[in-house]
Amino acid sequence: MGEPRTWLIKLGAPLLAFALFLALWATAAARIQTSIGALPGPMQVVEAGRSLVADHRAERVKAAEFEARMAAKREAALAAGETWKERRYTGSPTFPDQIATSLATVFTGFLFASLVALPLGVLCGTSSTVYAALNPLIQLFRPVSPLAWLPIVMILVSALSTSGEPLFEKAFLSSAITVALCSLWPTLVNTALGVASVERDHLNVARVLRLSWAVRVRKIVIPSALPWIFTGLRLSLGVGWMVLIAAEMLAQNPGLGKFVWDMFQNGSSETLARIMVAVFTIGSIGFALDRIMVLLQRAVSHDVRAT
Amino acid sequence: MTFAPPEPAVPVLALRGVAKGFGPAARRVSVLAGVDFALAAGEVVAIVGFSGSGKTTLLSLLAGLAWPDAGQVELDGRPAPEAGSERGVVFQSYALLPWLTVLGNVQLGVDSVFAAMPRRERRERALAFVKQVGLEPARAKYPSELSGGMRQRVALARALALEPRILLLDEPLGALDALTRAKLQDQMARLFERSSMSVVLVTNDVDEAILLADRIVPLSLGPGASLGPSFRVALERPRQRELLNRDPAFVKLRNEVTTHLLELAARRAASSPPRPLTPRPELQPLDLTRRGARVLR
Amino acid sequence: MKRMRGGRTLAAVGALLSLAAAPEKDELKLGFIKLTDCAPLVLAKELGYFEDEDLYVTLEAQANWKILLDRVISGELDGAHMLAGQPIGATLGIGTQAHVVTGFSMDLNGNAITVSNDVWKRMQAAQPALAAEKPPHPISAAALRPVVEEFQAAGQPLRMGMVFPLSTHNYELRYWLAAGGIHPGLYTASDATGTTDADVLISVTPPPQMPATLEQGTIQGYCVGEPWNQQAVAKGIGVPVITDLEIWKNNPEKVFGVSAQWAERNPETHVRLVKALIRAGQWLDATPENRHTAVKILARPEYVGADASVIANSMTGTFEYEKGDRRELPDFNVFFRDHATYPYYSDGVWYLTQMRRWGQIGEAKSDAWYDETIRRVYKPEIWRAAAERLIAEGKLGPSDVPETDGYAPKDDGFIDGVAYDGRAPNAYLRSLAIGQKD
Chain A
1 MGEPRTWLIK LGAPLLAFAL FLALWATAAA RIQTSIGALP GPMQVVEAGR
51 SLVADHRAER VKAAEFEARM AAKREAALAA GETWKERRYT GSPTFPDQIA
101 TSLATVFTGF LFASLVALPL GVLCGTSSTV YAALNPLIQL FRPVSPLAWL
151 PIVMILVSAL STSGEPLFEK AFLSSAITVA LCSLWPTLVN TALGVASVER
201 DHLNVARVLR LSWAVRVRKI VIPSALPWIF TGLRLSLGVG WMVLIAAEML
251 AQNPGLGKFV WDMFQNGSSE TLARIMVAVF TIGSIGFALD RIMVLLQRAV
301 SHDVRAT
Chain B
1001 MTFAPPEPAV PVLALRGVAK GFGPAARRVS VLAGVDFALA AGEVVAIVGF
1051 SGSGKTTLLS LLAGLAWPDA GQVELDGRPA PEAGSERGVV FQSYALLPWL
1101 TVLGNVQLGV DSVFAAMPRR ERRERALAFV KQVGLEPARA KYPSELSGGM
1151 RQRVALARAL ALEPRILLLD EPLGALDALT RAKLQDQMAR LFERSSMSVV
1201 LVTNDVDEAI LLADRIVPLS LGPGASLGPS FRVALERPRQ RELLNRDPAF
1251 VKLRNEVTTH LLELAARRAA SSPPRPLTPR PELQPLDLTR RGARVLR
Chain C
2001 MKRMRGGRTL AAVGALLSLA AAPEKDELKL GFIKLTDCAP LVLAKELGYF
2051 EDEDLYVTLE AQANWKILLD RVISGELDGA HMLAGQPIGA TLGIGTQAHV
2101 VTGFSMDLNG NAITVSNDVW KRMQAAQPAL AAEKPPHPIS AAALRPVVEE
2151 FQAAGQPLRM GMVFPLSTHN YELRYWLAAG GIHPGLYTAS DATGTTDADV
2201 LISVTPPPQM PATLEQGTIQ GYCVGEPWNQ QAVAKGIGVP VITDLEIWKN
2251 NPEKVFGVSA QWAERNPETH VRLVKALIRA GQWLDATPEN RHTAVKILAR
2301 PEYVGADASV IANSMTGTFE YEKGDRRELP DFNVFFRDHA TYPYYSDGVW
2351 YLTQMRRWGQ IGEAKSDAWY DETIRRVYKP EIWRAAAERL IAEGKLGPSD
2401 VPETDGYAPK DDGFIDGVAY DGRAPNAYLR SLAIGQKD
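Chains as they are written, first to last, in our numbering: chain A, 1 to 307; chain B, 1001 to 1297; chain C, 2001 to 2438.
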């Protein structure tokens, strides 16, 4: 009897809450007038979502026309015996393109952050001297907002990229580096904590077996600390995703952040609805990323009580 | 019959005037003071005492996992080095690595001690020890999937796989139920009888001590606990549990040891001031004089 | 006669030049700001004019003028839609220092000054003629003076916004205020905000935020391009009081700017870009139907994105001063007529004089300095090269090329009647009432 009832509550409660939220939103929206039109309600947001998809389709059509034109030019050039250079379509990025850019940027930043935070974390956790040395710096830089880092990062990226044909766009690099700077702290701190919290008995086992430092870290410290590390990674990814949107807005990386700012600049009657579509998209993606990390975290966690 | 002859020459493992305390200098609590101990080759010694009297500290010193504040730990008559595989340890909490299987846990030891051996041989070796403790069907299971008794056997297999000369066991059966304990005691008895290892077994169960050991050494109560005079166990091996209960020598010895321990407790209760609340590593003192009982780790 | 001969010579040279080399760089990224006068860039792309020149262009909207300039300088953008004063200010080092040049003027006019409903009511109270159904335009800033004094008396000076310290909007706003006897403030060595001695406080506000800040009362007026003035009317939060073509008829507004380094490395590409842009400008001014088509394209979210109805007004030659008071203003945006695309030195010199007038240029300069400086920034020779090729291709007529040495004839189309001669900048400065005199 318990089973179906708990399922009813598990599914029913959030559905009810969501329905209530939609109803409240719809009523409130109709009443609030802004300088660019009424606050959009759920229906308008759905409509805006549809128009974004339509824009994407229209852009694909233009791309196809472009390809056709290029194909014709290619034929003519080859027929005349000239060399032909392949051209990419130069249209503006559409909403799905921007989502892809944002995801690519956040993962790059997350990768940079992990590459720095994981080794540093292990070092801090195993050596109290290193920890004592680094802790003040960690506490100092952890609270800094991405909006403060970004101008510095942008200037540095500009100064350090000297080649004319860089591998990555400067805006992409600036956004990714800013994401890394802001999101590496949870991983660093949690890794250090996890490494420092290895059970004394496990370390004693390592001592009795006279395991070398490398083997001890690999076979005992890291596996023991993995749940902590994954908690840190999960928190870092969450922070990174939030920071990304702000970073993109300022660095002009063509992702969701730039989308929101461009829509704001448009000031059209569709602006607010489109921005809300972006809000829901950002939230959904953040939620999905978090769920993926939780699954990964569960996969590597072991029952610590079973020793 | 109750007091043993002087210690044999060149003991395999010895403590000479060892003292160990914990806490900051201003409020230092002495756990062990003036401890003298000697383990002869091939001997099985059981150290019995109340919980919280410093048995684990004593074992850590014997294993080389901790250093004494005063006195010396000797291995074959020379100052003992840090912990190593010649002194196998079975921890009170088993200390199995939860992310390795039964075979993996045992093989961890084999891999590090016998690194020069080719991989297949190492695996065979680990498997042999797993079989020896009767866990072959469970070799691919993780510790979380095992019962307490099975985990204890894995810990034992891991220690044995190192082929240590000395085996140190810290209350190995303390966390198990009576039936499992009895079964494992029998297995351990067989094991000790067959092998030439020197063994120190720390326990609070007098019957277990008599069943398994050649000699019983009581540990007085802390602070500043020390080892008392030994009781020789002159019973014949192999020792059968069912028969022992009817053996008058066994009963007499058990009474002697128990009485001695209770006297220690009574003396302590009469003379000791209230126990200061200093942080002790890994131990929660069980205060016999006051109300309530705190859970042992 | 002289003109015809000039035209034939040009055609001959052009014919030779059309056997030109391939462009150095054919995949380009150009930046723009979401204002309607980015139209030549947008239409050049949408109508395929860039592709005709074998150029494959991506257009990317930028967050604000500063970021746009920075990215052109850093090379992330090959070129951009710029304020006419930006290349000049950047080359002089006012703000970010970088040598920026231009060979194409994107349009004339296109801005307006809007005030809040509250300020408009006060102006009407002070000058009843403004309360009529169709008040007489142009409205001099003298009508604003009583309101400025009211605000000053209340201890809170009137605040107005513009888009960038080097923007045409800044200088037009200041010119209009000064012409009405209101001091707009000076820039000094210690005051980078330009509010020294000011009767009205002028500050920088990004265009999309202007309607919101006007509504909130943070500013009481602003000078900006379209669609932000018509947007204010449509939403009922403000009233445009004057358009910039009424302040100075046919004033230069935006240019197409590139870094000097880029121009040096890509001369062929530069000429081809300008060719496509001239064609786009020509198309925009050709027929009213073209303007309607342009409105539809600009209303797309990746371009200007405002509602088509808001953009349509100014682009199709009408302007709504108050709700319901719509007037014909065919010159609101001029993209090609009257040699709008030619980058006259005198246009640039006017900006230099205004920079000196308000103190952005810290000290007095000789007339020769003005001439030298502008020649470093404005490059009509590039425009000519492009025009010649277009004539050779038959797309441009000889009459579309101005007969000039780079300086336009003396201009007296200003609201206060003061005449401007680009060849005598210091004399001009002295003839203006408020501001630095040399």
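We put the beta carbon where it would ideally sit given N, CA and C, even for glycine.
It should be emphasised that the depicted structure is a prediction, and the values quoted were computed from it without experimental measurement.
Does any C-beta atom of chain C lie closer than 9 Å to the C-beta of residue i?
{"i": "A:Leu167", "result": "no"}
{"i": "A:Gly267", "result": "yes"}
{"i": "A:Glu3", "result": "no"}
{"i": "A:Gly91", "result": "yes"}
{"i": "A:Pro315", "result": "Given that chain A is displayed from residue 1 to residue 307, the structure contains no residue 315 of chain A and the question cannot be resolved."}
{"i": "A:Arg69", "result": "yes"}
{"i": "A:Pro119", "result": "no"}
{"i": "A:Ser158", "result": "yes"}
Quick check on DSSP: helix, strand or coil for residue i?
{"i": "C:Asn2426", "result": "helix"}
{"i": "A:Trp261", "result": "helix"}
{"i": "A:Ile138", "result": "helix"}
{"i": "C:Pro2252", "result": "strand"}
{"i": "C:Ile2113", "result": "strand"}
{"i": "C:Thr2442", "result": "Outside the displayed range of chain C (2001 to 2438) lies residue 2442 of chain C, so it cannot be described from this structure."}
{"i": "A:Glu270", "result": "coil"}
{"i": "B:Pro1172", "result": "coil"}
{"i": "A:Ala38", "result": "strand"}
{"i": "C:Met2082", "result": "strand"}
{"i": "C:Gln2360", "result": "coil"}
{"i": "A:Val205", "result": "helix"}
{"i": "C:Pro2409", "result": "coil"}
{"i": "B:Arg1290", "result": "Legend: pLDDT at B:Arg1290 = 48, less than 50; position of this residue unreliable, no value from coordinates given."}
{"i": "B:Phe1129", "result": "helix"}
{"i": "C:Pro2402", "result": "coil"}
{"i": "C:Glu2051", "result": "helix"}
{"i": "A:Gly125", "result": "helix"}
{"i": "C:Ile2094", "result": "coil"}
{"i": "B:Pro1218", "result": "strand"}
{"i": "A:Ala247", "result": "helix"}
Determine which residues share a DSSP beta bridge with residue i and list them.
{"i": "A:Gly12", "result": "Paired residue(s): none; A:Gly12 is not in a bridge."}
{"i": "C:Pro2240", "result": "C:Thr2114"}
{"i": "B:Pro1079", "result": "B:Glu1074"}
{"i": "B:Glu1193", "result": "Bridge partners of B:Glu1193: none, in fact."}
Within 9 Å (strictly less), CB to CB, does residue i reach chain A?
{"i": "C:Lys2323", "result": "no"}
{"i": "B:Leu1253", "result": "no"}
{"i": "C:Arg2376", "result": "no"}
{"i": "C:Lys2034", "result": "yes"}
{"i": "C:Gln2086", "result": "no"}
{"i": "B:Gly1174", "result": "no"}
{"i": "B:Val1113", "result": "yes"}
{"i": "B:Leu1108", "result": "yes"}
{"i": "B:Leu1261", "result": "no"}
{"i": "B:Leu1160", "result": "no"}
What residues in the stretch 1083-1097 of chain B bring their beta carbon closer than 8 Å to a beta carbon of chain A?
Ala1083, Gly1084, Ser1085, Arg1087, Gly1088, Val1089, Phe1091, Ser1093, Tyr1094, Ala1095, Leu1096, Leu1097
For the stretch 196-219 of chain A, which residues have a CB atom closer than 8 Å to at least one CB atom of chain E, in sequence order?
Among the chains of the structure shown, chain E does not appear; the protein chains present are A, B and C.
Compile a chain-ordered list of the residues in the stretch 220-246 of chain A whose CB is closer than 9 Å to at least one CB of chain B.
Ile220, Pro223, Ser224, Leu226
Would you list, in chain order, the members of the stretch 2098-2119 of chain C that have their beta-carbon closer than 8 Å to a beta-carbon of chain A?
none
Give the residues from the stretch 2307-2338 of chain C that approach chain A closer than 7 Å (Cβ to any Cβ), ordered along the chain.
Asp2307
Give me the subset of the stretch 1049-1069 of chain B whose CB atoms are less than 9 Å from a CB atom of chain A, sorted by chain position.
Ser1060, Ala1063, Gly1064, Leu1065
So does the stretch 2117-2134 of chain C actually touch the stretch 2173-2183 of chain C, counting three or more Cβ pairs closer than 8 Å?
no
Tell me which residues of the stretch 2121-2151 of chain C have at least one Cβ-Cβ distance to chain A shorter than 8 Å, keeping chain order.
none
Interfacial residues, the stretch 2047-2062 of chain C to chain A, with Cβ spacing under 8 Å:
Glu2051, Tyr2056, Val2057, Thr2058, Leu2059, Glu2060, Ala2061, Gln2062
So does the stretch 2425-2438 of chain C actually touch the stretch 2356-2365 of chain C, counting three or more Cβ pairs closer than 8 Å?
yes
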